[in-house]
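Structure first, then comments.
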Amino acid sequence: MFSDYVKIVIKSGNGGNGAISFRREKYVAAGGPDGGDGGKGGNIYFYVDPNSNTLINFRYNKRYRAEDGKNGEGNHRYGRSGDDLRVGVPLGTIVKDLETGKMIADLSEPGKEELILPGGRGGKGNSHFATSTRQAPRFSQDGEKGIEKEIILELKVLADVGLLGFPNVGKSTFLSVVTSATPKIADYHFTTLEPNLGVVKSEYGQSFVIADIPGIIEGASEGTGLGLKFLRHIERTRLLLHFVDVSGSEGRNPVEDFKIINSELKKYSEKLSKRKQVIVANKADIIQDESQFRELQEMAKQENIQIFKISAVTGEGVQELLNEVASMLKKLPKEDLIESGMEDRKLYTLKDENEFIIRKEKDMYVVEGAAVEKIMRRVNMEDNESLYYFQRCLEELGVYEKLKAAGVQEGDTVKVVDWELEWFD
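With the numbering used here, the residue at position 252 of the sequence shown is 901, and numbering never jumps.
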């Protein structure tokens, strides 16, 4: 089963908490704080797995989590960092943020690996908070929480040549003739339900990869039929063989078909609509009206597009087409597989450590933000010395000044993160 689009949830590891500990040894008086730091949470990496060619495994395992860091201990013992999680994906996989739709990684190079989510930092032990006036701090810093995100994995087939056209125009038959691929072939529309790849070896020894894309119909760029689901696979081909049925067996006009498909390409992607094309007039062995083929020839001449008349069933014109494709691929530059517009592609953002806001919630003033969260991770609310430290940090940060400006009065309730406190001036 071919799978090319899945949604999964990933979470990096939490950082371990710093320890609150004091050195206690025989004959050592007032040994002082010796709490060790917590370990860092595990990162999440995605890498190109050469043995994978589908996203099917992600349909059954939807959650991926890196290991948490361990807590620090006494005697300055640091907690162990959590193991990183490395997730293998097929070559050509794109990672997107589900919430924003922003692309954050393009794994289109063999051996490539990308950091997707960093683990939380470990908290500091109480030994870091000892000063000349605070020699026995009874508080430490909690580790940062890991980041959890829902992401999209999207696989784009990597091929040199894409077969384009309406359903049942002979693309799968052509692929089966020129490669060792064995696509499903039948005389009805949408026989091909998933992309098929095959390798062609030309007479001159050059080889290239062909992708048979499920048939596209009018309205595909808006989601009609199967086209929208697979239009993404054509984006990474260097050359498009645009198949049209010139036999007249289905009462279709090949010129109109050609224009409809190209209109859908343009609606989907302006860049894709400008991709180099060759018209392949197929089913020449059962042609019923030569005038339609001549009309197609005239249009190709006006558009300056090469046209080949072939029969995938009998082999007429097939070798000449392959030789020309091999020659064209030598001249066509390889597409830059890495998607553009990825300069700011991280799933996570580094918080401003001085950032906080004050808002009024009924009769309560709420203080929240990265800065106060950081302070709260260091505080033991049951310890007076720790509370003094907490109050001084809030004052130095400017919280008190902003609370006064917001109109706080003595006796009012102030909520700092999860703690509700009574204001005294």
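Note that CB positions come from ideal geometry on N, CA and C, so glycine has one too.
Remember, predicted model here, so these are calculated numbers, not experimental data.
Quiz item: Once you ignore the five residues that flank S960 on each side, which residues in its own chain have a CB closer than 6 Å to its CB?
Solution: Correct list, in chain order: A933, D934.
Quiz prompt | Selected residue, minimal CA-CA separation from L734, among Y1037, E716, S976, I954 | solution = For L734, the closest C-alpha among the options Y1037, E716, S976, I954 is that of E716.
Practice problem: Could you name each continuous alpha helix (DSSP H) segment of 4 residues or more that falls completely within the stretch 719–797, going from the start of the chain to the end? | Solution: Secondary structure within the stretch 719–797: not one fully enclosed alpha helix (DSSP H) run of 4 or more consecutive residues is present.
Quiz prompt | Between the CA atoms of Y696 and P759 - distance to the nearest angstrom | solution = Rounded to the nearest angstrom, the two C-alpha atoms are 9 Å apart.
Quiz item: Quick one: Cα of M752 to Cα of K1051, how far?
Solution: If you draw a straight line from the Cα of M752 to the Cα of K1051, it comes to about 38 Å.
Practice problem: Below 8 Å CB to CB, which residues in the same chain sit around G680 once its five sequence neighbours on both sides are set aside? | Solution: Excluding sequence neighbours, G680 sits near F671, R672, R673, E674.
Quiz prompt | Neighbourhood of R924 by C-beta, 6 Å cutoff - its chain only, sequence neighbours within 5 removed | solution = Cβ neighbours of R924 beyond the five flanking positions: L889.
Exercise. Could you pull out every residue in the same chain whose Cβ sits closer than 8 Å to the Cβ of G741, ignoring the five residues on either side in sequence?
Key: Counting only Cβ-Cβ distances below 8 Å, and skipping sequence neighbours, we find L756, S757, L804, K805, V806, L807, R885, L986.
Practice problem: Taking S661 as the reference, give the member of V895, I765, E944 with the closest Cα. | Solution: Closest by alpha carbon: I765.
Self-check item: Euclidean distance between Cα positions of G792 and N720
Solution: Roughly 8 Å separates the two Cα atoms.
Quiz item: On the three-state DSSP scale, how would you describe V1063?
Solution: Under the three-state reduction of DSSP, V1063 is assigned to strand.
Quiz item: Which residues in the same chain have their Cβ closer than 8 Å to the Cβ of I1024, if we skip the five residues on either side of it in sequence?
Solution: If you ignore the 5 residues before and after I1024, its C-beta comes within less than 8 Å of the C-beta of F1039, C1042, L1043, L1046, all in its own chain and listed in chain order.
Quiz prompt | Contact set for I1007: own chain, Cβ-Cβ below 8 Å, skip 5 residues either direction | solution = Around I1007: Y1014, V1015, V1016, V1048, K1051, L1052, A1055.
Self-check item: For S825, the three-state DSSP class (helix, strand or coil)
Solution: Judged by DSSP in its simplified three-state form, S825 adopts helix.
Practice problem: With a 10 Å radius around its C-beta and 16 neighbouring C-beta atoms as the bar for buried, classify F823 as buried or exposed. | Solution: F823 comes out buried.
Quiz item: What do you reckon, are the CB atoms on D698 and G771 nearer than 8 Å?
Solution: G771 sits away from D698, with the two beta carbons spaced by 8 Å or more.
Quiz item: Applying the criterion that 16 or more other CB atoms from any shown protein chain within 10 Å of the CB defines a buried residue, is A930 buried or exposed?
Solution: With a threshold of 16 other beta carbon atoms within 10 Å, A930 meets it and is buried.
Quiz item: Using a Cβ-Cβ cut-off of 7 Å (strictly less than) and excluding sequence neighbours within five positions of D1148, which residues of its own chain qualify?
Solution: Since the first and last residues shown for the chain are 650 and 1074, residue 1148 lies out of range.
Practice problem: Identify whether N700 lies in helix, strand or coil by the three-state DSSP scheme. | Solution: N700: coil per DSSP, three-state reduction.
Quiz item: Ordered along the chain, which non-local residues of its own chain (more than five positions away) have a Cβ less than 8 Å from that of K1011?
Solution: Apart from sequence neighbours up to five positions away, no residue of its chain approaches K1011 with a beta-carbon distance below 8 Å.
Quiz item: For F907, which residues from the same chain have a beta carbon less than 6 Å from its beta carbon, with the 5 sequence-adjacent residues on both sides left out?
Solution: So the qualifying residues of the chain are V893.
Quiz prompt | Beta-carbon separation (whole angstroms), I859 vs L812, contact threshold 8 Å | solution = 6 Å between Cβ atoms; contact.
Quiz item: Any idea which residues DSSP pairs S856 with across the strands?
Solution: Under DSSP, S856 forms a beta bridge with K850.
Exercise. Would you decide whether R1026 is buried or exposed? Buried here means 16 or more other CB atoms lie within 10 Å of its CB.
Key: Under this definition R1026 is a buried residue.
Practice problem: Pick out whichever of I693, K820, V895 has its Cα sitting closest to the Cα of F861. | Solution: The amino acid occupying residue 861 in the given sequence is Asp; Phe does not appear at that position. Nearest to D861 by alpha-carbon distance, out of I693, K820, V895, is K820.
Exercise. Kindly indicate which three-state DSSP category E952 falls into: helix, strand or coil?
Key: Looking at E952 - three-state DSSP - the assignment turns out to be helix.
Practice problem: Whole angstroms is fine: what's the gap from A668's alpha carbon to S730's? | Solution: Their Cα atoms are separated by approximately 15 Å.
Self-check item: Where the beta strand (DSSP E) through Q926 begins and ends
Solution: Run containing Q926: 926–931, per the beta strand (DSSP E) assignment.
Exercise. Leaving aside the five residues before and after G665 along the sequence, list all residues of the same chain whose C-beta is less than 6 Å from its C-beta, in chain order.
Key: So the qualifying residues of the chain are G687, G688, G718, K719, N720, G728, G771, G792.
Exercise. Using a Cβ-Cβ cut-off of 8 Å, state whether N666 counts as contacting chain D.
Key: Structure shown: chain D not included; a single protein chain is present.
Exercise. Could you have a look at E992 and say whether DSSP puts it in helix, strand or coil?
Key: A caution first: E992 carries a pLDDT of 48, below 50, which makes its placement in the model unreliable, though a value can still be read off. If DSSP states are grouped into helix, strand and coil, E992 belongs with coil.
Quiz item: What separation, rounded to the nearest whole angstrom, lies between the Cα atoms of L1070 and K761?
Solution: Cα to Cα, the separation comes out at about 51 Å.
Exercise. Pull up the distance between the alpha-carbon of M948 and that of R901, whole angstroms please.
Key: Between M948 and R901, the C-alpha separation is close to 16 Å.
Practice problem: Between the Cα of V658 and those of G684, N710, K1064, I705, spot the shortest distance and give me the residue it belongs to. | Solution: When C-alpha distances from V658 are compared across G684, N710, K1064, I705, the shortest belongs to N710.
Quiz item: CB L945 to CB V895, shorter than 8 Å?
Solution: By the CB criterion at 8 Å, L945 and V895 fall inside the cutoff.
Quiz item: Looking at W1072 and E1060, is the spacing between their C-beta atoms short of 8 Å?
Solution: Glu is not the amino acid found at residue 1060; the sequence shown has Gly there. For G1060 and W1072, yes; Cβs fall inside 8 Å.
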